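To start, the structure itself, in structure tokens.
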Amino acid sequence: MTTLVWFRQDLRLADNPALLSAAARGGTVIPVYLHDTAAGPWAAGGASHWWLHHSLAVLSAALEGCGSRLTLRATSDCLATLLQLARECGATSVVWNRLYEPASIARDAAVKAALRAAGLAVASFNTALLHEPWEVQTRGGTPFQVFTPFWRQCLSLPEPAAPLPAPTALPAPRDWPVSQPLASLGLLPVRDWARAFPAAWTPGSAAAQLRLGEFLAGSFTDYPSQRNRPDLAATSRLSPHLHFGEIGPREIWHATRVHAETRGAAASWRSSQFLSEVGWREFAYHLLYHFPQTPDAPLRAEYGRFPWRPDAAVLRAWQRGRTGYPIVDAGMRELWTTGWMHNRVRMIAASFLVKDLLQPWQDGARWFWDTLVDADLAANTLGWQWTAGCGADAAPFFRIFNPVLQGLKFDPAGSYVRRWVPELAGLPDEWLHKPWEAPAAVLSAANLRLGDNYPRPIVEHGAAREIALAALQSLRVSATPSP
DNA sequence: TGAAATGTTGGGGCG
DNA sequence: ACGCCCCAACATTTC
């Protein structure tokens, strides 16, 4: 009796119901990872591939530590490859943990039906979400479109089950199927733009558990008050680990609850603050499941007619962190250098692209998709539609961030900007977030030549804001013509 | 998980 | 003592 365990975004041994069920059957277990080369328009981007490469290496080593092995294959046809592997190994069943992206759902449904038609037993499990998207609904039986009632409903459901243990044994076959070398999947960048990634990140489930433990023992205490501060290490930074399933939301949920349980009401409050961010992730998956067109199209249809002004040069200045707005440029450079950006800065940079520069939110979403190590279709879609004001529970379009005020408020000492935009480092705090207003003597003392070694503002925020509001107005006028 | 404009209030300087 | 003005501080409204 042999079972194929199809790993996807669940790159861990603990709290892995598919793996545990295969092990519990007592027969041979064949762990498999297929690199799907036909994954479509939302195939993983470059930074995600970097992470995936290293995560697969860690998972492979962990399996070998259990006397097992990870079989790797690149394929444009997962069904055909699974059927072939089942034939090679004499497997009679295939198991996996569910994915929730629209393309994955479609592919997996077809694979499941075809495997069953071929006589194989197939089972799929949930380990990526606290609650299945179809199990959370309003009284009217419709999907939620506002976060607060959605999360309240989740909290009223039976608590997510405790995480599962890792299997104690993974019986190996006499002969392993042929596996491709990891390097042959071509996941690492050809040009080494990811050279600073290893200093920032350690992919793999062991590192994820370590990070969660260090977070709970450390910055968790000040999480509610400091979580918006990009200059501090105040957040958990678990997002890439979560995306690849190196740690699951149930593990985070229970570890946080256990940590807070013995530490009084204040800790309980902190844990509810932190877990509500896990709730936003759940909400993102809920929305993507029920509104599968939203990665590409606005949820509020009228925004399909918004008068964006696509401009390749403007988009590129934003991508490279050369807008002349320090907090925006710092964020974009942190992203490019480390594959990650603090969430507060994501909101500021995204708002700037969409509202000050009038670039389509989809262009920003694409850039984040390619450059973030935590790129996640559900979370990315929610974030960009929220910013653009065209999504569920979105910030109204007229809520336009002032990048100077946001910088002053959330990077008050300027250490975040100085770290990522070193050419500004010599400016006094007073001018750091608005160098164009600094007196000439201050600029020259800081060795700053605007338009030379740091750009002048690509737009003037006050004027850009007026233009954005007028653009929004045009949308309304054409939507409801006056009688 | 906004910012800016506009409105209101109240203390203090001053004639 | 009183009214007036100024304006900071805060609140409300609007985009």
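Per my numbering, residue 148 is the first one in the first sequence, and the count goes up by one each step.
C-beta atoms are modelled at their ideal positions from N, C-alpha and C, and glycine is treated no differently.
Keep in mind the model is a prediction, meaning the values are calculated, not measured.
Across which residues does DSSP place Thr150 in a beta bridge pair? According to DSSP, which records beta bridges pairwise, Thr150 is partnered with Val176 and Ser240.
Unbroken alpha helix (DSSP H) run spanning Val205, endpoints: In the DSSP assignment, Val205 falls within the unbroken alpha helix (DSSP H) covering Gly193 to Gly212.
Can you look up Arg245 in the DSSP assignment and give me helix, strand or coil? Reduced to three states, the DSSP call for Arg245 is coil.
Quick one, are the C-beta atoms of Asp510 and His390 less than 8 Å apart? No, they are not a contact pair.
Those residues which DSSP pairs with Leu219 across a bridge: According to DSSP, Leu219 bridges with Tyr180.
Can you have a look at Ser331 and say buried or exposed, based on whether 16 or more other CB atoms are within 10 angstroms of its CB? The residue is exposed, with fewer than 16 neighbouring Cβ atoms inside 10 Å.
Give me the Cβ distance between Gln506 and Pro457, rounded to the nearest whole Å; I'm assuming they're in contact under 8 Å. Correct: roughly 6 Å between the Cβ atoms.
Need the endpoints of the beta strand (DSSP E) that Ser383 sits in, please. Per DSSP, Ser383 is not a residue of any beta strand (DSSP E), being assigned neither H nor E.
What does the alpha-carbon distance come out to for the pair Leu590 and Tyr247? Computed Cα separation, rounded: 51 Å.
So Leu210 and Pro249 are supposed to be a Cβ contact under 8 Å. How far apart are they, rounded? The beta-carbon distance between Leu210 and Pro249, rounded to whole angstroms, is 30 Å. This is too long to meet the 8 Å contact definition.
Run through the DSSP bridge pairs and tell me what Ser271 is partnered with. Ser271 has Trp243 as its beta-bridge partners, per DSSP.
Rounded separation between Asn375 and Arg172 - CA only: Between Asn375 and Arg172, the C-alpha separation is close to 47 Å.
Quick one: what does DSSP say Leu304 is sitting in, helix, strand or coil? Coil, per DSSP.
Taking just the CA atoms, how far does Phe154 sit from Ala238? Ala238 and Phe154 have their C-alpha atoms roughly 16 Å apart.
Taking the DSSP output, what are the residues bridged to Leu597? Per DSSP, Tyr601.
Three-state secondary structure assigned by DSSP to Ala190: Assigned with DSSP and collapsed to three states, Ala190 falls in coil, not helix or strand.
Cutoff 6 Å; reference His489; Cβ partners in own chain excluding five residues on either side: Around His489: Pro377.
Tell whether a beta-carbon distance below 8 Å holds between Ala275 and Gly392. Using a Cβ distance threshold of 8 Å, Ala275 and Gly392 count as a contacting pair.
Under 8 Å: do the segment 397–416 and the segment 196–210 share three or more Cβ pairs, one atom per stretch? No, because fewer than three Cβ pairs between the segment 397–416 and the segment 196–210 fall closer than 8 Å, the two stretches do not touch.
Buried or exposed by the 16-neighbour rule on C-beta atoms within 10 Å, applied to Pro582: Under this definition Pro582 is a buried residue.
What do you reckon, are the CB atoms on Ala631 and Thr150 nearer than 8 Å? Lying outside 148 to 630, the shown extent of the chain, residue 631 is not represented and no answer is given.
Can you look up Met488 in the DSSP assignment and give me helix, strand or coil? The three-state secondary structure of Met488, taken from DSSP, is coil.
Apply the 10 Å Cβ neighbour rule to Gly333 and answer buried if 16 or more other Cβ atoms are within range, or exposed otherwise. It counts as exposed.
Would Pro345 be called buried (16 or more neighbouring beta carbons within 10 Å of its own) or exposed? Around the beta carbon of Pro345, fewer than 16 other beta carbons sit within 10 angstroms, so the residue counts as exposed.
From what residue to what residue does the alpha helix (DSSP H) around Arg404 run? Taken as a continuous stretch (DSSP letters only), the alpha helix (DSSP H) holding Arg404 covers Pro396 to Glu408.
Pick from Gly214, Leu616, Val520 and Arg159 that is closest to Thr175, judged by C-alpha positions: Distance from the Cα of Thr175 is smallest, within the candidate group Gly214, Leu616, Val520 and Arg159, for Gly214.
The segment 573–588 in contact with the segment 478–492 per 3-pair CB rule at 8 Å: Verdict: no, contact absent.
If you check the beta carbons only, do Ile495 and Gln532 fall under 8 Å apart? One thing to note: Ile495 has its Cβ no nearer than 8 Å to the Cβ of Gln532.
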